[in-house]
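Student: Respectively, the protein sequence lines represent chains A and B.
Residues in the first sequence are numbered consecutively from 3, following our numbering.
Residues in the second sequence are numbered consecutively from 106, following our numbering.
Provided herewith is a single structure, encoded as structure tokens, for subsequent inquiry.
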Amino acid sequence: MSAHDASDEPTRRDFLYIATGMAGVVGAGAFAWPFIDQMRPDASTLAVSSIEVDISSLAEGASMVVKFRGKPVFIRNRTAEEIKAAQEAPMAELKDPLARNANLPSDAQATDEDRVVDKAKENILVMIGVCTHLGCIPLGQQGDFGGWFCPCHGSHYDTAGRIRKGPAPENLPVPPVAFLSDTKIRIG
Amino acid sequence: MSGPSTYHPKSALGRWFDARMPLPRLVYDNFVTDPIPRNLNYMYTFGGILSIMLVVQLLTGIVLAMHYASDTTLAFVSVEKIMRDVNSGWMLRYMHANGASFFFIAVYLHIARGLYYGSYKAPRELLWILGCIIYLLMMATGFMGYVLPWGQMSGWGATVITGFFTAIPLVGTWIQELLLGGFSVDNPTLNRFFSLHYLLPFMIAGVVVLHIWALHVVGQTNPTGIEVKHKTDTVAFTPYATVKDGFAMVVFLAVFAYFIFYMPNYLGHPDNYTQFDSLKTPAHIVPEWYFLPFYAILRAITFNIGPIDSKLGGVLAMFAAIAVLFFVPWLDTSKVRSANYRPWYKFFFWLFVVNSIFLGWLGSKPAEGWYIPAMQVSTLYYFAFFLLIMPLLGLIETPKKLPNSITEAVLEKNKGGSGHPVGAAAEPQTKG
């Protein structure tokens, strides 16, 4: 650079310097992207986007667990007492006021009827059975509210899967669910 | 290394080599003639012990990888095959599994030594930070290694630890899926953890080289905390440190061997001998013992702090507990290095040690009853030690009178001893 004359005119060397630098930055970024991109869930993982479940054998007071996208989905045919307990819970006592129901607008309130998929079938509760704290699987029909209890860090969910006590921040999420018939549902 | 090199190769081959790539000279200057303080005690031997533990982990790990299969359908079985069918496989695996624990025992003693003698103070800040980076890499390696046997603790430990990232607002879930390669801990997770578990120890080895390099630029501290001022303050690395480090290694490895042969599963968890079931969480999940204090800090935050909910708060507190170590050189305001001359710091240091062990014990307990307030008080002291006591104590504490030199401190200790460095080296563990 010492050979430069004092003029402020950019030289060919300045141009090459900047062009090389820019090509290096863009090139490094483009080169890095596939290394990050390959870490994301791959096509075969994403392909398991919906499953159909036959719930005809699910008697009142029974639960079943199916695997959806590697996570357990709880399907419970709730008893009349459980529905009543969930409906009577005061909204003010809810730690998370939102329904977290993928079938409803995101600002839907966490009333019992907005936690189920179909108001006419309020006994059928479907939710992703992964504690919203750090991802453990809660145990059914346990805890202070007779719903679900996470053994890892002590989160208590009620009979509508709403967080009532403990460190978990959110209600158990309801995945996209559709009734194909009275005894068959599609998740995802 | 300090001063000009005194390496004189005796053989023609040695001279030929030295003129082309002076590696023997480097070793000679740094590990034979290098002058070290004459008053180093056994707490200064853990650097050597850690080096040998890294080699043990690398060797056993490379061999175990020859028999292990990183596939969710095969991983658990392949580990059992190592235990039952592979010749000496049980010993190699127990060496590797207990080796991780002993690596952490040594590193915690090494860190405690640094905190007690103020080894992090100028001009050794970078040396300390490189050590913190090694510790961070060790934690990542230890965590990912624990996932590989694909037991219940493996899978659920990975679920909980990657779950920390979901606490980050907006991008948390995206980051977690990036780490897992899916929506839950599964085959992609196991494969990438295996790959990284194999890589990270070599990165540790690289940072260890930088750590030792930095050490040899600034020289070792010593129990008095006074810098070396004169040749009589030092002895040669070989034989003094070599023999002392070697003896400490033998004792340490003897204890290690006792665990391998007599209580190989004492530091493990029986649930990890059950294959991972992604639909069933064990009743009580705990991380490996060396993460327990941080696990207690995570669970101590059961309350929301303004806009930060308890989940994010717990995760932030846990990461802060590690991050605060990086700032120790600037948090401690005292001009005096060694706790030997700082009566109040000495008291708070030992309280910190007891508190850390207590936090670890709490970490193994369920988050209920009186354990929760105990975790909160203990977490408070953990942070107060670094953020309040360290900065304030340096300003208000009156240190004891420092000796004029290392030699004076040693002579004061063994009255009537010879002033000659060789005589003093007969009892090199003497504290100032």
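C-beta: ideal position from N, C-alpha, C; glycine also.
Everything numeric in this text was worked out from a predicted model, so none of it was measured.
In the structure shown, what three-state DSSP assignment does Pro478(B) receive?
Tutor: Along the second sequence, one-based indexing puts residue 478(B) at 373. It is helical.
Student: Decide yes or no for the touch test of the region 149 to 160 of chain B against the region 182 to 192 of chain B: beta carbon pairs closer than 8 Å, at least 3 of them.
Tutor: Result no; under three Cβ-Cβ pairs closer than 8 Å.
Student: Is the Cβ of Asp146(A) closer than 8 Å to any Cβ of chain B?
Tutor: Taking the first sequence and counting its residues from 1, the one referred to as residue 146(A) is at position 144. Closer than 8 Å: no.
Student: With distances taken from CA atoms, which of Leu220(B), Ser259(B) and Leu253(B) is nearest Trp455(B)?
Tutor: Indexing the second sequence from 1 puts residue 455(B) at position 350. Per the Cα distances, Leu220(B).
Student: Would you kindly report the start and end of the unbroken beta strand (DSSP E) that includes Ile189(A)?
Tutor: Taking the first residue of the first sequence as position 1, residue 189(A) is located at position 187. Note, Ile189(A): beta strand (DSSP E), Lys186 to Ile189.
Student: Examine the Cβ distances between the region 130 to 143 of chain B and the region 315 to 327 of chain B and report whether three or more of them are shorter than 8 Å.
Tutor: The region 130 to 143 of chain B, when compared against the region 315 to 327 of chain B, does touch it at the 8 Å Cβ threshold.
Student: Looking at the C-beta of Ala426(B), does it have a partner C-beta in chain A at a distance below 8 Å?
Tutor: Translated into the one-based positions of the second sequence, residue 426(B) becomes position 321. Taking Cβ atoms only, chain A never reaches closer than 8 Å to Ala426(B), which makes this a no.
Student: Pair every Cβ in the region 465 to 476 of chain B with every Cβ in the region 287 to 299 of chain B, then say whether three or more of these pairs are closer than 8 Å.
Tutor: Not touching, per the Cβ criterion.
Student: Given a limit of 8 Å on CB to CB distance, which residues of the region 18 to 50 of chain A reach chain B?
Tutor: Cβ contacts with chain B: Ile38, Met41, Arg42, Pro43, Asp44 and Thr47.
Student: Which residue marks the beginning of the beta strand (DSSP E) containing Asp176(B), and which one marks its end?
Tutor: As a working mapping, residue 176(B) is identified with position 71 in the second sequence. Premise fails: Asp176(B) is in no beta strand (DSSP E) and is neither H nor E.
Student: Output needed for Tyr173(B): all residues of its chain with C-beta closer than 6 Å, excluding positions within five of it in sequence on either side, in chain order.
Tutor: Position 68 of the second sequence, counting from 1, holds the residue named residue 173(B). So the qualifying residues of the chain are Ser183.
Student: The region 119 to 152 of chain A: which residues have C-beta closer than 9 Å to a C-beta of chain B, in chain order?
Tutor: Result list: Gly131, Val132, Cys133, Thr134, His135, Leu136, Gly137, Cys138, Ile139, Pro140, Leu141 and Cys152.
Student: Examine chain B for any beta-carbon lying closer than 8 Å to the beta-carbon of Pro74(A), and answer yes or no.
Tutor: Position 72 of the first sequence, counting from 1, holds the residue named residue 74(A). Chain B, which has a Cβ nearer than 8 Å to the Cβ of Pro74(A), makes this yes.
Student: Check whether the Cβ atoms of Leu136(A) and Val265(B) sit closer than 8 Å, and answer yes or no.
Tutor: Numbered from its first residue, the first sequence carries residue 136(A) at position 134. Numbered from its first residue, the second sequence carries residue 265(B) at position 160. Contact flag set, yes.
Student: Out of Thr484(B), Phe452(B) and Lys349(B), which has the shortest C-alpha to C-alpha gap to Ile462(B)?
Tutor: Position 357 of the second sequence, counted from the first residue, corresponds to residue 462(B). If we check each option's Cα against that of Ile462(B), Thr484(B) comes out closest.
Student: Can you find the residues in the same chain that come closer than 8 Å, C-beta to C-beta, to Gly168(A), ignoring five residues on each side of it along the sequence?
Tutor: Working through the first sequence from its first residue, we reach residue 168(A) at position 166. Cβ within range, chain order: His135, Cys152, His155, Gly156, Ser157 and His158.
Student: Nearest-angstrom Cα distance between Trp121(B) and Thr111(B)?
Tutor: Locating residue 121(B) in the second sequence gives position 16, where the first residue counts as 1. Locating residue 111(B) in the second sequence gives position 6, where the first residue counts as 1. Rounded to whole angstroms, Trp121(B) to Thr111(B) spans 17 Å at the Cα level.
Student: Taking its Cβ as the centre, do 16 or more other Cβ atoms sit within 10 Å of Ser193(B), making it buried, or is it exposed?
Tutor: Residue mapping note: residue 193(B) aligns to position 88 of the second sequence, counting from 1. Its Cβ having fewer than 16 others within 10 Å, Ser193(B) is exposed.
Student: Would DSSP call Gln144(A) helix, strand or coil?
Tutor: The residue you call residue 144(A) lines up with position 142 of the first sequence. DSSP places Gln144(A) in coil when its eight states are reduced to three.
Student: Could you check the C-alpha separation between Gly528(B) and Tyr240(B) for me, to the nearest Å?
Tutor: By 1-based counting over the second sequence, the position of residue 528(B) is 423. By 1-based counting over the second sequence, the position of residue 240(B) is 135. Confidence is the limiting factor: at Gly528(B) the pLDDT is only 43, short of 50, which leaves the residue's position unreliable, though a coordinate-based value still follows. Going by the C-alpha atoms only, they are around 37 Å apart.
Student: Does the beta-carbon distance from Phe109(A) to Arg164(A) come in below 8 Å?
Tutor: Within the first sequence, residue 109(A) is the residue found at index 107, counting from 1. Within the first sequence, residue 164(A) is the residue found at index 162, counting from 1. Checking the displayed sequence, the identity of residue 109(A) turns out to be Asp instead of Phe. Cβ distance not < 8 Å, so Asp109(A) and Arg164(A) don't count as in contact.
Student: Does the distance from the CB of Ile511(B) to the CB of Asn146(B) come in under 8 Å?
Tutor: Counting from one through the second sequence, the residue named residue 511(B) turns up at place 406. Counting from one through the second sequence, the residue named residue 146(B) turns up at place 41. Not a contact, by the Cβ cut-off of 8 Å.
Student: Buried or exposed: where does Ser224(B) fall if 16 or more other Cβ atoms within 10 Å of its Cβ makes it buried?
Tutor: Taking the second sequence and counting its residues from 1, one reaches residue 224(B) at position 119. Buried.
Student: Decide if the region 488 to 505 of chain B is in contact with the region 420 to 437 of chain B; the criterion is three or more beta carbon pairs, one per stretch, under 8 Å apart.
Tutor: Yes, they touch.
Student: Going by the CB atoms, is the gap between Asn125(A) and Glu62(A) shorter than 8 Å?
Tutor: In the first sequence, residue 62(A) corresponds to position 60, counting from 1. In the first sequence, residue 125(A) corresponds to position 123, counting from 1. It is a contact, given that the beta carbons lie within the stated cut-off.
Student: Tell me, please, whether the CB atom of Lys536(B) is closer than 8 Å to any CB atom in chain A?
Tutor: Here residue 536(B) is taken as the residue at index 431 of the second sequence, counted from 1. Its pLDDT being 44, under 50, Lys536(B) is placed unreliably in this model, and the coordinates cannot settle the point.
Student: Considering only their Cβ atoms, is the gap separating Gly499(B) from Thr438(B) smaller than 8 Å?
Tutor: Here residue 438(B) is taken as the residue at index 333 of the second sequence, counted from 1. Here residue 499(B) is taken as the residue at index 394 of the second sequence, counted from 1. Cβ distance < 8 Å, so Thr438(B) and Gly499(B) count as in contact.
Student: At the level of alpha carbons, what is the spacing between Tyr378(B) and Gly256(B)?
Tutor: What you label residue 378(B) is simply residue 273 of the second sequence in a count that begins at 1. What you label residue 256(B) is simply residue 151 of the second sequence in a count that begins at 1. If you take the alpha carbons of Tyr378(B) and Gly256(B), they lie about 6 Å apart.
Student: Do you know offhand how far Thr278(B)'s Cα is from Val458(B)'s?
Tutor: As a first step, residue 278(B) must be located in the second sequence, where it is residue number 173. As a first step, residue 458(B) must be located in the second sequence, where it is residue number 353. Looking at the two C-alpha atoms, the distance is approximately 36 Å.
Student: To the nearest angstrom, report how far apart Asn445(B) and Thr326(B) are at their CA atoms.
Tutor: Indexing the second sequence from 1 puts residue 445(B) at position 340. Indexing the second sequence from 1 puts residue 326(B) at position 221. Their Cα atoms are separated by approximately 13 Å.
Student: Enumerated in chain order, which unbroken segments of the beta strand (DSSP E) with a length of 3 residues or greater are wholly contained in the region 87 to 122 of chain A?
Tutor: Segments of the beta strand (DSSP E) lying fully in the region 87 to 122 of chain A: there are none.
Student: For the candidate residues Ile57(A), Met41(A) and Thr22(A), whose alpha-carbon lies nearest to that of Thr294(B)?
Tutor: Taking the first residue of the second sequence as position 1, residue 294(B) is located at position 189. That would be Met41(A), whose Cα lies nearest to the Cα of Thr294(B).
Student: Using the C-alpha atoms, what's the distance from Arg442(B) back to Val360(B)?
Tutor: Counting from one through the second sequence, the residue named residue 360(B) turns up at place 255. Counting from one through the second sequence, the residue named residue 442(B) turns up at place 337. Approximately 31 Å between the Cα atoms of the pair.
Student: Taking only the alpha-carbon atoms, compute the straight-line gap between Lys336(B) and Leu436(B) and give it to the nearest angstrom.
Tutor: Along the second sequence, read from residue 1 onward, the residue named residue 336(B) stands at position 231. Along the second sequence, read from residue 1 onward, the residue named residue 436(B) stands at position 331. Cα to Cα, Lys336(B) sits roughly 32 Å from Leu436(B).
Student: Got a sec: is the Cβ-Cβ distance from Gly286(B) to anything in chain A below 8 Å?
Tutor: Mapped onto the second sequence, residue 286(B) falls at position 181. It does; some Cβ of chain A falls within 8 Å.
Student: Hey, does Ser175(B) have any beta-carbon neighbour from chain A nearer than 8 Å?
Tutor: In the second sequence, counting from the first residue as 1, residue 175(B) sits at position 70. Judged by the 8 Å Cβ criterion, Ser175(B) is not in contact with chain A.
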